[in-house]
Amino acid sequence: MEEKSRGISLRKKRTVRPKISAPKQISAPLPAGVPVGDAAKKLAPPAGLPDAPRPRERPQNGDKTADLVKRRYSTRFTTLPGDFNAGVPPMPSMPSVPSKYAQAPPSRDGRPTGQRIRIDVNALSDPSLRPEKYVASLLAEASEEDIQTFQQDLAKVKNRTSTDLQHNVFQNRIQFIRISKEAEKLKGEMRTLRNLMSELTNALGQATSTTSSSMDSLTSRKRANRSSVANLEALWNSHLQVLWKRVEGSQKYLPAIPGRHIVYESSRWVELNSATWKPRRRVHIIMLNDHLLLAADKRRVDGSMPDPREKLGKAPLSAIRCFPLQDVQIANLSTRAVPGSERGNAANAINLRVGPDSFTFATGSAETSEKTGLLTAWRKAVEDLRKTIEAESLERDKVHESVNYLATRDRSILKSPHLLETLNEQGGSKVEMLIDVDGKPQSIRWVEGQIDDLDIEIALQDFEASVERVEKLRRIAKNIKGNAIAQSIVTLKLNERASRLAGIITRYLKDQNQWKVATQRHVQWLFRLGFEDVAREAYLEARSETIKKRIRQCSYEGDLHLYVYQLSYIYFTIIKDTTNIYEAAFPVSMMSACVKWGKGHVDAFNTILLRQLSGLAPQSNEYRQCMDRAYLHARILEEAGLDFKDLIGVRTETGGEGSQAP
Numbered sequence: 001m002e003e004k005s006r007g008i009s010l011r012k013k014r015t016v017r018p019k020i021s022a023p024k025q026i027s028a029p030l031p032a033g034v035p036v037g038d039a040a041k042k043l044a045p046p047a048g049l050p051d052a053p054r055p056r057e058r059p060q061n062g063d064k065t066a067d068l069v070k071r072r073y074s075t076r077f078t079t080l081p082g083d084f085n086a087g088v089p090p091m092p093s094m095p096s097v098p099s100k101y102a103q104a105p106p107s108r109d110g111r112p113t114g115q116r117i118r119i120d121v122n123a124l125s126d127p128s129l130r131p132e133k134y135v136a137s138l139l140a141e142a143s144e145e146d147i148q149t150f151q152q153d154l155a156k157v158k159n160r161t162s163t164d165l166q167h168n169v170f171q172n173r174i175q176f177i178r179i180s181k182e183a184e185k186l187k188g189e190m191r192t193l194r195n196l197m198s199e200l201t202n203a204l205g206q207a208t209s210t211t212s213s214s215m216d217s218l219t220s221r222k223r224a225n226r227s228s229v230a231n232l233e234a235l236w237n238s239h240l241q242v243l244w245k246r247v248e249g250s251q252k253y254l255p256a257i258p259g260r261h262i263v264y265e266s267s268r269w270v271e272l273n274s275a276t277w278k279p280r281r282r283v284h285i286i287m288l289n290d291h292l293l294l295a296a297d298k299r300r301v302d303g304s305m306p307d308p309r310e311k312l313g314k315a316p317l318s319a320i321r322c323f324p325l326q327d328v329q330i331a332n333l334s335t336r337a338v339p340g341s342e343r344g345n346a347a348n349a350i351n352l353r354v355g356p357d358s359f360t361f362a363t364g365s366a367e368t369s370e371k372t373g374l375l376t377a378w379r380k381a382v383e384d385l386r387k388t389i390e391a392e393s394l395e396r397d398k399v400h401e402s403v404n405y406l407a408t409r410d411r412s413i414l415k416s417p418h419l420l421e422t423l424n425e426q427g428g429s430k431v432e433m434l435i436d437v438d439g440k441p442q443s444i445r446w447v448e449g450q451i452d453d454l455d456i457e458i459a460l461q462d463f464e465a466s467v468e469r470v471e472k473l474r475r476i477a478k479n480i481k482g483n484a485i486a487q488s489i490v491t492l493k494l495n496e497r498a499s500r501l502a503g504i505i506t507r508y509l510k511d512q513n514q515w516k517v518a519t520q521r522h523v524q525w526l527f528r529l530g531f532e533d534v535a536r537e538a539y540l541e542a543r544s545e546t547i548k549k550r551i552r553q554c555s556y557e558g559d560l561h562l563y564v565y566q567l568s569y570i571y572f573t574i575i576k577d578t579t580n581i582y583e584a585a586f587p588v589s590m591m592s593a594c595v596k597w598g599k600g601h602v603d604a605f606n607t608i609l610l611r612q613l614s615g616l617a618p619q620s621n622e623y624r625q626c627m628d629r630a631y632l633h634a635r636i637l638e639e640a641g642l643d644f645k646d647l648i649g650v651r652t653e654t655g656g657e658g659s660q661a662p
């Protein structure tokens, strides 16, 4: 009994589990203000019905801990708060989150659904990439929207790569041009160094010869005077004047030019018949540095044999023939002499051939040195003439090279026959191809470098820099003095570049004609290039195309008032915007073109309006509504300073005055 009075402990292992009755649920909360006893009576079942099951009575075992636990599980809360209202509707359910805001489950590759597929540029640049396998693995779980987005991203990457490639190409070209300029500069410096080394060598040689020479100072002074260019020129001119006086008609063949002089002169020659070798007449052979003159005695015109030892002295002579020295061929006939024949005297004869003409000349047998002197003088004169012609040709090539360098680099020059003729005529002249740029002489290659830079800026579409460079080069070309060829070529090249640049800017002007700032900028560039008319026509043409495009989007679906509303709003709104932009971009002196353009489109609107209203009576309500709507929209033009409302509904005919519509 004592153990039972002590009870059981929850901290010890029990062998017998206590039985605890479950709490009984009530059907509804008790109403406020009802006593517990009354509520129990109301909840009691009516008479005649079986009693509800009652909870089991707790055993009175005297264990306080077990009793407390049982009370805890069997407690009922029947006392309700005083402000409880049973008639309040139940709490509404929580709204569900919209699907577009709900976070979609991630895909297999860990990417949330709807997010862009990232493009790996390094993977695309791999040379061993297999596109089909790569795309299949990347788009395996992608939706149609993801595929379209991925395609757009690929197109953007492609465009960006193409732009970078183009930029790299132009950068490489700039580097190539710079390297070419440096190479050309280095070549010029090497040429200058070579000339300086040659002059130094000559100076050292002259110094050595001067120190080793023991000539008298007076003799050296006389020799210097004789070799003076001025003295030689004076001496040669005096010899030519004496020749003109002695030989009649020689001045016609041998006019005075710088450097022309006589190198050989002899009157001891007789012209022979080439067939019979009989003497015909005495001739006077005069050899100059560039021509060979044949003269004869005016008093001995018969064919009698003159005395070879006779001298002409100061007898008057007449010029027979004159040949360019480079066309003359002289042959020694001594090797063709046949003893005992008529050609036995060929030891002192020569043959002179000029093209198809052949002449035979002979001298006395006692004057063999005369033939040797003639042949020696001829060989030396031909060699000197060859060197002179070669030097002149090199000088001409240098000048012509500079002209051709400027002319042949652009095909547009080949389309100018007048300029080509001028180049051919002036190609051999020694005109310095230098251009004065801000007081500094610049070569033609500097101008070509500026034009190359202009081409690069045009290709990169740097419009502001391109327009500034065109203006600068035009000022340079305008200030070129004394060199009409260079001025014409530079001007022609600039005009061709300016036309190309204006075409690109005009295309951008048409594409961005609806923006005021862009239109002002493009029109300003075209004005600076000198293409005002092109800018005006391009802008107005682009606005006309805009009106046509918007009108085609309007469709008549039975509501005439709505259709007229759309037409009038499109026409007059675009005319107003065009006038405002035109007034801001173009000068006031060119506003007449815009007004004429607006008048033309008002006439086009009237044509469409009258055609649509042709089936309605002027007194009808629908007719008046359409006309009122057109008048109302025409007042929009007053914001741009135009007043065309009196022209609405006016029918215009070709060649006649407009008449008011009924």
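According to UniProt numbering, the stretch in the sequence shown is residues 1 to 662, in order. We put the CB at the ideal spot given by N, CA and C, even for glycine. Being a predicted model, the structure only gives us computed values, none of them experimental.
Starting from Leu509, trace the alpha helix (DSSP H) both ways and give me its first and last residue.
Ala484 to Asp511
What is the residue span of the alpha helix (DSSP H) that Pro89 lies within?
Pro89 -> no alpha helix (DSSP H), and no H or E assigned at all.
Can you find the residues in the same chain that come closer than 7 Å, C-beta to C-beta, to Lys181, ignoring five residues on each side of it along the sequence?
Gly449
Could you check the C-alpha separation between Leu610 and Ala604 for me, to the nearest Å?
10 Å
What is the rounded straight-line gap between the Cα of Asn289 and the Cα of Glu383?
10 Å
So what does DSSP say about Cys626, is it helix, strand or coil?
helix
Around the Cβ of Arg379, are there at least 16 other Cβ atoms within 10 angstroms (buried) or fewer (exposed)?
exposed
Closest Cα partner of Leu292 within the set Trp269, Ala465, Leu317 and Asp327
Asp327
Which runs of the alpha helix (DSSP H) at least 4 residues long sit entirely within the region 130 to 187? Give them in chain order.
131 to 138
In its own chain, which residues sit with a C-beta less than 7 Å from the C-beta of His601, not counting the 5 before and 5 after it?
Ile547, Tyr571 and Ile575
Please list, in chain order, all residues of the same chain as Leu642 whose beta carbon is under 8 Å from its beta carbon, the five residues on each side excluded.
Ile575, Lys576, Thr579, Val595 and Gly598
Under 8 Å, do Ile458 and Leu501 count as touching if we go by C-beta distance?
yes
Counterpart residues of Asp357 in DSSP-defined beta bridges:
Val354
Measure the beta-carbon distance from Asp453 to Arg469 and round it to whole angstroms, keeping in mind my assumption that it falls under 8 Å.
7 Å
Beta-bridge pairing of Asn273 - partner residues as DSSP gives them:
Paired residue(s): none; Asn273 is not in a bridge.
Outcome for Thr506 when other beta-carbon atoms lying within 10 angstroms are tallied against a minimum of 16:
buried
Could you tell me which residues DSSP pairs with Ser266 in its beta bridges?
Ile285
Can you tell me the Cα-Cα spacing of Arg386 and Glu265, whole angstroms?
21 Å
Tell me the DSSP secondary structure of Phe644 in three-state form.
coil
Per DSSP, cross-strand counterpart(s) of Val437:
Lys440
Identify, in the order they occur along the chain, each residue of the same chain with its Cβ nearer than 8 Å to the Cβ of Leu240, setting aside the five sequence neighbours on each side.
Leu254, Ala256, Arg260, His261 and Ile262
Decide if the region 539 to 546 is in contact with the region 510 to 521; the criterion is three or more beta carbon pairs, one per stretch, under 8 Å apart.
yes
In whole angstroms, what is the alpha-carbon distance linking Ile177 and Asn168?
14 Å
Spatial neighbours of Ile117 within its chain, please: C-beta separation below 8 Å, excluding the five flanking residues on both sides.
Arg111, Leu138, Leu139, Ala142, Asp146, Thr149, Phe150 and Asp153
Ends of the alpha helix (DSSP H) at Asp533?
Glu532 to Arg552
Just reading off the beta strand (DSSP E) that Ser318 is part of, what are its end residues?
Leu317 to Pro324
On a Cα-Cα basis, can you pick out the residue from Val157, His561 and Arg194 that is closest to Ser620?
His561
Do you know whose CA, among Trp277, Thr276, Ala275 and Ala319, lies nearest Ile285's CA?
Ala319
Run the CB neighbour count on Phe531, radius 10 Å, all protein chains shown included, and call it buried at 16 or more, exposed below.
buried
Hey, could you find the ends of the beta strand (DSSP E) residue 684 is sitting in?
Since the first and last residues shown for the chain are 1 and 662, residue 684 lies out of range.
Considering only DSSP beta bridges, list what Leu292 is partnered with.
Met287 and Phe323
Do three or more CB pairs link the region 550 to 565 to the region 513 to 525 at distances below 8 Å?
no
For Gln582, which of Leu613, Phe463 and Val517 has the nearest alpha-carbon?
Sequence inspection shows Tyr at residue 582; the Gln mentioned does not correspond to that position. Ranking Leu613, Phe463 and Val517 by Cα distance to Tyr582 puts Val517 first.
Quick check on the DSSP output: the alpha helix (DSSP H) that includes Val564 runs from which residue to which?
Leu560 to Ala585
Taking the straight line between their C-alpha atoms, what separation do you get for Lys187 and Arg445?
14 Å
Taking Phe361 and Leu243 to be in contact with their CB atoms under 8 Å, please state how far apart those CB atoms are, rounded to whole angstroms.
Not a contact, Cβ separation roughly 20 Å.
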